[in-house]
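What follows is one structure encoded as structure tokens, with my remarks underneath.
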Amino acid sequence: MALEPGQRATADRVIRALAGPAATLRDDQLTAVEALVEPGARVLVVQATGWGKSAVYWVSTALRRAAGAGPTLVVSPLLALMRDQVAAAHRAGLRAATINSSNFDEWAAIEDAVRAGAIDVLLVSPERLANPGFGDRVLAALGGPDSAGLGLLVIDEAHAISDWGHDFRPDYRRVADVLRELHPDSPVLATTATANERVTADVARQLGSGTTVLRGPLARKSLHLNVIDGLSPIGRYAWVTDTIDSLPGSGIIYALTVADTDRLVAAIRSVRGADYPVAAYTGQLDAGARHRLEDALRRNEIKALIATSALGMGYDKPDLGFVVHLGSPPSPVSYYQQVGRAGRALDAAVVMLLASGTDDRIWEYFATASIPDPQQMTALLDALPDESAPTSVVQLEVNTGLRRTKIDLMLKQLAVDGAAQRSTAGWFGTGAPWQYDAPHYDAIRALRRREADIMRSYVRSERCLMQLLTASLDDPLTAPCGRCSVCLAGRAGWNADVDEATVRTITRALRGAATVLEPRKMWPGGAFGTRGRISRDQSAEPGRVLAHADAPEWHDVLAAARSGDPGALDELTQAAVATLGPWGRESGIRPNEIWSLGLTGSTLADDLAGELRRIGRRGGGTFSVRPGSPAGDANSAAEAAHWRDAIDSPGSPSGAVLLVVDETRTGWPVTIAAQQLRAAGASAVLPLVIHRSV
């Protein structure tokens, strides 16, 4: 149904406020808006990043509010996206607010304003839908059959509704609950830039029969895709450091871990100066720090944010000049989503993938990370009480022996399937049966492994890179793009050359920054049996870690040292000696003895401890460790209990002890060994961990 003249005037006013005085709605945008002004409409928009999907819901909101409808609820996945969307709504003349983890003090006032009709648009995360208080206070008031209803429900990044999608989030499936309880006249809009045909069909099915699907071409002409393979981990750092000034404008450099973001910033500044304009951006930063960095990049005050995937969906900078990845995301769809942040308002933007030899391991993890383990799910269901006595996640951790993060994910999955529910008092089982759908999850595993195979083809540059990416979205290009490193056959201007002087400078800088290992403060209870504070006379001192996480500056050396290479052992010994000097001055403690704790079956801890004893003319000893490791999903209590039983008490140490540990992830082996050393007579324990894994 065509818009009436008054509606068209409102639509034109909004789109011009958003996109400039000459802007008009595109044909598909207009089609979506015309559908959404009708009661009960269901619309799914699958269009490339930068197409203008958000304009559809701001125009539709303005039209529906003018007609007396209730406010719009936007379900959005990331804080950065919410901030940008609130700003866009205000430009469109709409009163918008968000409820998220960064503005707790404002929640009550915002909820009151929503119920009073004083807000046109409320943006929330999918996790907010799982909050029973929010459901009772806001959703029930707006969505019930006796209310005026939501004027519009918007599901942004809607591929996350589908467990066939690359970024499935169980909490997003709670949108289905909202849909079931929605006022029948409330229209629904779902949007995404990254959905293949299977995901599109699944989302449309969840929206309901009669869903209008508007799907356009997803290839982006402005993106110039490139791959460089074969660089060492430290070589990738050096490539970025050597090349960053040549990259156009400002952009994003994606790293796979938080540790990598900090290390790459340090690497770049070690060569280009301490004030070079780059910064690390991760989900561990507080909201204020993230906002400042996002705004600084948007204003081109910094050359690049070195970011984890926390800076991804929804970050709006139309003139972003480049996106570089150190290592590949697990799916061509998720990769295309991240690189799609670049070049939205530019004729050309550089996209570079610096492939990593560890990518396969990461891809395999993501292929199975969100798929439930049927035995663990059964154990969790058995531990859930009924509605009369809800329990906490902490208690479920004690009762099941599973890690808390694992339990959180499993509870969300059980809640989606109706077998568990959360009240304000805690979690309980609903009594509804739960069954592991093996054929379904086997098919998801197979799909994700096929996606990993596409990424392998991409890294190997087997054909046009844009053709590979768009084919994964079921939107194949009929001809090569003519712009990528495959099509240009080496004429793209980028190569794998790395300055060895840069490599040496970065290596020295990163090896000179040992990480502090803070001692654990509390015993875990549960399977360990002991709960409460670790007393001072049982505890280790703050320790040091030579190689943290993937540590590119140590990657090759660690591998060689574990195999007994004397040159690699000498490099580790030099780094340990360099660490011990300032550490001793800071702590005021000089070790009398040096003990080793080998946890991986290699002799690395014994070898390094032996070298340090020789250099320092110290005595010491070696812990005996029973072979084996705790289960991968073991919680803190179960892991601590494992190491308590696996690590044998030492002899009789004298004075302060330097404890050399080959590798640990959680620090529980260090805690147990320190307790035993202190009980046997050590006056202090200084842990030196060669590799802290993740």
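Per numbering that gives the first Met the number 0, the very first residue in the sequence shown carries number 0; after that it's consecutive. Where a beta carbon is used, it is the ideal one built from N, C-alpha and C, also for glycine.
Discussion item. Measuring CB atoms only, is the region 403-415 touching the region 338-358, in the sense that at least three cross pairs come out at less than 8 Å?
Written reply: no
Identify the continuous alpha helix (DSSP H) that holds G566 and give its terminal residues.
565-586
Count the other CB atoms, across all protein chains shown, that sit within 10 Å of the CB of R520; report buried if there are 16 or more and exposed otherwise. As written in the sequence, residue 520 is Lys, which differs from the Arg given in the question. K520 should be labelled exposed.
List, from N- to C-terminal side, the beta strand (DSSP E) runs of 3 residues or more that fit wholly inside the region 424-499.
425-428
Work out the CA separation of A546 and G600 for me, nearest whole Å. 18 Å
request  = Label I614 either buried or exposed according to how many other C-beta atoms from any shown protein chain fall within 10 Å of its C-beta, with 16 as the threshold for buried.
outcome  = exposed
Note to self: Pairs of beta-carbons, one from the region 223-233 and one from the region 544-561, closer than 8 Å: are there three or more?
What the structure shows: yes
- request: Mind checking which residues open and close the alpha helix (DSSP H) that includes E126?
  value: 125-128
Q) CA-CA distance, V323 and G215? A) 26 Å
Uninterrupted beta strand (DSSP E) stretches inside the region 287-358 (no shorter than 3 residues)
303-306, 321-325, 348-353
message: Is it the case that the region 370-378 contacts the region 428-444, given that we only count it when at least three CB pairs across the two stretches are under 8 Å?
response: yes
### Message
Which residue wins for smallest C-alpha separation from V392, given the options R403, P384, E386, D385?
### Response
R403
- Go ahead and label V576 buried or exposed: buried means 16 or more other beta carbons lie within 10 angstroms of its beta carbon, across all protein chains shown. exposed
Exercise for the section: Hey, could you find the ends of the beta strand (DSSP E) S628 is sitting in? Expected result: That residue, S628, is in no beta strand (DSSP E); it is neither H nor E in DSSP.
Over the uninterrupted beta strand (DSSP E) stretch that includes P686, give me the two end residues.
681-691
Beta-carbon spacing of V74, V55 below 8 Å:
no
Review point. How would you call G287, buried or exposed, if buried means at least 16 neighbouring beta carbons within 10 angstroms?
Key: exposed
Next on the checklist: Below 8 Å on the Cβ atoms is my contact criterion, and I expect P668 with L598 to pass it. Report the Cβ-Cβ distance as a whole number of Å.
Outcome noted: 6 Å
* For A640, the nearest candidate out of A559, G666, Y335 (CA to CA) -> G666
Worksheet item: Considering T60, what are the terminal residues of the alpha helix (DSSP H) in which it resides?
Response: 52-65
>> Closest to S446 by C-alpha separation, out of A508, L213, T367, A388, would be which residue?
In response: Residue identity differs from the one stated: residue 446 is Leu in this sequence, not Ser. Ranking the options by Cα distance to L446, first place goes to T367.
Q) Hey, out of D473, P475, A491, L472, whose CA is closest to G481's CA? A) A491
For the alpha helix (DSSP H) containing Q674, list its first residue and its last residue.
667-678
### Task
Figure out for me which residue from D184, L222, T191 has the closest Cα to the Cα of G69.
D184
Within the continuous beta strand (DSSP E) that includes S422, where are the two ends? 419-422
Check: In the structure shown, what three-state DSSP assignment does V202 receive?
Finding: helix
Helix, strand or coil for D661 per DSSP? strand
Problem - Neighbourhood of I160 by C-beta distance below 7 Å, restricted to the same chain and skipping five residues each side - result: I154, Y171, R172, V174, V202, Q205
Exercise for review: Could you round the C-beta distance between A95 and L122 to whole angstroms and report it? I think they count as a contact, below 8 Å.
Suggested key: 7 Å
Original post:
Going by DSSP, what residues sit across from E592 in a beta bridge?
Top reply: G618, V656
For P565, is the classification buried or exposed, using 16 other Cβ atoms within 10 angstroms of its Cβ as the cut-off for buried?
exposed
What residue does the beta strand (DSSP E) around T514 start on, and which one ends it?
-> 514-516
* Asked: Count the other CB atoms within 10 Å of the CB of G528; is the residue buried (16 or more) or exposed (fewer)?
  -> exposed
- Query: In chain order, what residues of the same chain have a beta carbon less than 7 Å from the beta carbon of Q28, not counting five sequence neighbours either side?
  - Reply: G51, A54, V55
Exercise for the section: Please name the residue in R617, W362, T60 whose C-alpha comes closest to that of E37. Expected result: T60
**Asked** For T211, which of helix, strand or coil comes out of DSSP?
**Response** strand
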